[in-house]
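As structure tokens, the structure follows; a few thoughts come after it.
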Amino acid sequence: MFSVGKILVTRSLPGSALEHLRERGYRVEAHEGLFLSREDLLKKVEGAIGLIPTVKDRVDAEVMDRAPGLKVIACYSVGVDHVDLEAAKARGIRVTQTPGVLTEATADLTLALLLAVARRVAEGVDYARKGLWQAWHPELLLGMDLEGATLGIVGMGRIGQAVAKRAEAFGMRVVYTGRTPKPLPYPYLSLEALLATSDIVSLHTPLTLETHRLINRERLFAMKPGSILINTARGGLVDTEALVEALRGHLFGAGLDVTDPEPLPRGHPLYALPNAVITPHIGSAGRRTRERMAEMAVENLLAVLEGREPPNPVV
Ligand code: DGY
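The sequence shown begins at 84 in this note's numbering and counts up one residue at a time.
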């Protein structure tokens with residue numbers, strides 16, 4: 084059958100957005116399965132004019148050069164740290180993202196992790212499942228009270244602000260840091276002051292060369308003793324090895340939806356720590372959110388291929 088061009092989608096996507104592409108005459112190759120190896124990506128991208136990658140596909144110059152006709156990389160994510168933007172720019176390839184649509188879902192999961200760590204939910208579930216629950220006791224699984232606690236938000240973009248709104252509903256005091264102060268009703272602090280005074284620190288900043296290991300050993304141990312770290316942004320923001328040490332006494336706990344490396348290998352020391360609650364990068368994994376992300380990626384992709392300005396350009 085005649086096709087107007089090949090589109091590689093590196094995983095199957097929820098919803099019917101890809102049908103829309105097929106109806107327009109594109110040959111859509113959506114990779115089935117949990118993984119797409121580097122080797123397969125390099126092979127499958129050949130001949131593609133459009134690419135929809137996930138956050139787990141490294142799209143660098145080598146990938147781009149395998150598909151000389153590639154016009155657009157429509158990321159199925161708001162984060163674009165997996166794409167070499169300079170290489171794309173140099174080749175005239177447009178790069179797009181899916182901002183906004185996953186803000187609420189990611190903020191929800193941030194609160195889920197925050198609550199789970201502060202109130203030791205995962206430990207409690209484990210305790211009950213293992214048959215250890217034999218009595219009520221005034222000192223059983225005591226956690227951190229959220230009312231009146233200070234939440235320090237690192238990166239007050241869309242997701243940071245959605246987290247702040249939720250935290251206020253729990254009676255928390257919100258402070259934040261970022262590149263510049265914003266006209267918001269929360270105190271703006273330096274990163275150092277925020278780490279020293281927050282009961283909970285939540286990361287919402289993109290991963291870039293400047294933010295890589297932003298929360299290094301020194302900063303982890305500069306956090307208030309007995310405080311909590313939440314990361315639903317990118318694993319590379321935190322020094323994992325130092326975090327393991329900090330969780331062995333200095334910190335109350337950590338809630339991590341993203342890790343470095345990701346996924347964490349089996350048997351990683353973080354899994355053995357009862358005060359680490361780890362989820363497998365599911366911040367945006369609401370069904371409607373993920374369907375909408377697919378629609379946005381397709382809208383962006385079609386716009387470029389049809390010669391229009393994409394709604395959510397990065398490059
Ligand atoms: C993103 O969009 O960047 C998330 O990490 C995956 O939804």
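For every residue, glycine included, the Cβ atom is placed at its ideal position computed from N, Cα and C.
Would you mind reading off the limits of the beta strand (DSSP E) that contains residue 218? Translated into positions along the sequence shown, residue 218 becomes position 135. Run containing residue 218: none; DSSP gives neither H nor E here.
Leaving out five residues on either side along the sequence, give the residues of the same chain with a beta carbon under 6 Å from the beta carbon of residue 98. Here residue 98 is taken as the residue at index 15 of the sequence shown, counted from 1. Excluding sequence neighbours, residue 98 sits near 374 and 377.
Which residue from 277, 283 and 107 puts its Cα closest to that of residue 231? Here residue 231 corresponds to residue number 148 of the sequence shown, with the count starting at 1. The shortest Cα separation from residue 231 among 277, 283 and 107 belongs to 283.
Rounded to the nearest angstrom, what separates residue 153 and residue 147 at their Cα positions? Counted from its first residue, the sequence shown places residue 153 at position 70. Counted from its first residue, the sequence shown places residue 147 at position 64. Looking at the two C-alpha atoms, the distance is approximately 7 Å.
Residue 89 bridges to which residues according to DSSP? Against the sequence shown, residue 89 aligns to sequence position 6. Beta-bridge pairing links residue 89 to 110 and 131.
Residues in the same chain with beta-carbon distance under 7 Å from residue 168, minus the five sequence neighbours each way, listed in chain order, please. For the purposes of this step, residue 168 is taken as the residue at position 85 of the sequence shown. Contacts found: 178, 397 and 398.
Hey, would you say residue 303 sits closer than 8 Å to residue 325, going by beta carbons? Within the sequence shown, numbered from 1, the residue matching residue 303 stands at position 220. Within the sequence shown, numbered from 1, the residue matching residue 325 stands at position 242. Contact: yes.
Buried or exposed by the 16-neighbour rule on C-beta atoms within 10 Å, applied to residue 354: Here residue 354 refers to the residue found at position 271 of the sequence shown. Under this definition residue 354 is an exposed residue.
Do residue 285 and residue 258 have their C-beta atoms closer together than 8 Å? What you label residue 285 is simply residue 202 of the sequence shown in a count that begins at 1. What you label residue 258 is simply residue 175 of the sequence shown in a count that begins at 1. No, Cβ-Cβ distance for residue 285 and residue 258 is not below 8 Å.
Any heavy atom of ligand 1 closer than 7 Å to the beta-carbon of residue 161? Locating residue 161 in the sequence shown gives position 78, counting from the first residue. Yes; taking the cut-off as 7 Å, the Cβ of residue 161 has a heavy atom of ligand 1 nearer than that.
Is residue 93 near residue 140, with beta carbons less than 8 Å apart? What you label residue 93 is simply residue 10 of the sequence shown in a count that begins at 1. What you label residue 140 is simply residue 57 of the sequence shown in a count that begins at 1. Contact flag set, yes.
Starting from the N-terminal side, write out each stretch of the alpha helix (DSSP H) that is 4 residues or longer and does not extend beyond the stretch 327–352. none
Is it the case that the Cβ atoms of residue 360 and residue 205 are separated by a distance below 8 Å? Reading the sequence shown from its first residue, position 277 is the one you call residue 360. Reading the sequence shown from its first residue, position 122 is the one you call residue 205. A contact, by the Cβ cut-off of 8 Å.
Please state whether DSSP places residue 391 in a helix, a strand or coil. To locate residue 391, count along the sequence shown from 1; it is residue 308. Here residue 391 sits in coil by DSSP.
By DSSP, does residue 176 sit in helix, in strand, or in coil? Here residue 176 refers to the residue found at position 93 of the sequence shown. Coil, per DSSP.
Span of the beta strand (DSSP E) holding residue 155? To locate residue 155, count along the sequence shown from 1; it is residue 72. From DSSP, the beta strand (DSSP E) with residue 155 extends over 155–157.
What does the alpha-carbon distance come out to for the pair residue 113 and residue 96? Here residue 113 refers to the residue found at position 30 of the sequence shown. Here residue 96 refers to the residue found at position 13 of the sequence shown. Taking the straight line joining both Cα atoms gives about 8 Å.
Applying the 10 Å Cβ sphere with the 16-neighbour rule, what's the burial state of residue 217? Here the question's residue 217 lines up with position 134 in the sequence shown. Classification of residue 217: exposed, given that the 10 Å Cβ count is below 16.
Once the 5 residues before and after residue 386 are set aside, which same chain residues still bring their CB inside 7 Å of it? Your numbering for residue 386 matches position 303 in the sequence shown. Around residue 386: 392, 393 and 394.
Terminal residues of the alpha helix (DSSP H) in which residue 315 lies: As a first step, residue 315 must be located in the sequence shown, where it is residue number 232. Here residue 315 belongs to no alpha helix (DSSP H), and DSSP marks it neither H nor E.
Looking at residue 334: is its Cβ nearer than 8 Å to the Cβ of residue 306? As a working note, residue 334 is residue 251 in the sequence shown. As a working note, residue 306 is residue 223 in the sequence shown. In contact: residue 334 and residue 306 (Cβ atoms closer than 8 Å).
Where the alpha helix (DSSP H) through residue 361 begins and ends: The residue labelled residue 361 in the question sits at position 278 within the sequence shown. No alpha helix (DSSP H) contains residue 361, which is instead part of the beta strand (DSSP E) from 359–361.
Taking the straight line between their C-alpha atoms, what separation do you get for residue 220 and residue 208? Taking the first residue of the sequence shown as 1, we reach residue 220 at position 137. Taking the first residue of the sequence shown as 1, we reach residue 208 at position 125. Cα to Cα, the separation comes out at about 16 Å.
Give the secondary structure of residue 300 by DSSP, where H, G and I count as helix, E and B as strand, and everything else as coil. The count along the sequence shown starts at 1 and reaches residue 300 at position 217. The answer is helix: DSSP assigns residue 300 an H, G or I state.
Pull up the DSSP beta-bridge partners for residue 396, would you. Start at 1 with the first residue of the sequence shown, and residue 396 comes out as number 313. DSSP output for residue 396 lists 179 as bridge partner(s).
Residue environment, residue 336, which counts as buried when at least 16 other CB atoms sit within 10 Å: One-based indexing of the sequence shown puts residue 336 at position 253. Result: buried.
Rounded to the nearest angstrom, what separates residue 233 and residue 157 at their Cα positions? The residue given as residue 233 occupies position 150 in the sequence shown. The residue given as residue 157 occupies position 74 in the sequence shown. Approximately 38 Å between the Cα atoms of the pair.
Do residue 89 and residue 110 come within 8 Å of each other at the CB atom, strictly closer than that value? For the purposes of this step, residue 110 is identified with residue 27 of the sequence shown, where counting begins at 1. For the purposes of this step, residue 89 is identified with residue 6 of the sequence shown, where counting begins at 1. Contact: yes.
What are the boundary residues of the beta strand (DSSP E) that includes residue 202? Within the sequence shown, the letter at position 119 stands for residue 202. Premise fails: residue 202 is in no beta strand (DSSP E) and is neither H nor E.
Using 10 angstroms around the beta-carbon of residue 252, count the other beta-carbons present and answer buried if the total reaches 16, otherwise exposed. Here residue 252 refers to the residue found at position 169 of the sequence shown. Its Cβ having fewer than 16 others within 10 Å, residue 252 is exposed.
For the beta strand (DSSP E) holding residue 236, just list the boundary residues, first then last. In the sequence shown, counting from the first residue as 1, residue 236 sits at position 153. Counting along the chain, the beta strand (DSSP E) containing residue 236 begins and ends at 233–237.
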